Amino acid sequence: MIVKKLASSLCQDANLLKESKTYIVYAILFDEDVKFLVEDEDVFSFPFFVSAKEVEIIDNKVSSYWKYSNPLTRTPKSSSRSAMLACEEMLERFFYQTLVDGELSSKRKWELLKERLDKEFD
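According to the UniProt record's numbering, the sequence shown holds residues 1 to 122 in order.
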């Protein structure tokens, strides 16, 4: 799936996107508001979520690597998470958090995952 920032977007998370650029969607989070996981290396060293309302879908084909995960319930040791459509690595309970925290093994997994999905949408 490929998206582009809506020119009329005023939402803070969409302001991280450039209007002239398209973005591959690496996961979909089905929260109160549907969110797409995208990446822009000029903004962060990790992917980030933007509201689906703030982008235009350029290519609606979903990745053949994606799987669906039901919502995860909060436990004493972990937070909850909404339902998600993503590669298996992204569906691991702590993967995104360790990626944002800069854990080396998660960064390596992310690089491989990103390379695989980027090739799929080239």
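From the three backbone atoms N, C-alpha and C, an ideal C-beta is built for every residue, glycine too.
All figures in this text were calculated on a predicted structure; none of them were measured in a lab.
Spatial distance of residue i from residue j (CA atoms)
i     : j      : result
Val3  : Leu29  : 15 angstroms
Leu72 : Ser80  : 5 angstroms
Asp31 : Asp101 : 22 angstroms
Met1  : Thr75  : 32 angstroms
Glu41 : Lys35  : 19 angstroms
Thr22 : Lys67  : 23 angstroms
Glu49 : Trp110 : The sequence given here has Phe at residue 49, not Glu. In a straight line, the C-alpha of Phe49 is about 15 angstroms away from that of Trp110.
Beta carbon of residue i nearer than 7 angstroms to that of residue j
i      : j     : result
Phe121 : Ile58 : no
Leu6   : Glu56 : yes
Leu117 : Ser63 : yes
Own chain residues within Cβ distance below 6 angstroms of residue i, not counting five before or after
i     : result
Met90 : Ala27
Leu17 : Lys5
Ser82 : Leu29, Phe30, Asp31, Pro71
Tyr65 : Cys87
Buried versus exposed, by CB contacts within 10 Å (16 or more), residue i
i      : result
Tyr96  : buried
Leu113 : buried
Ser106 : buried
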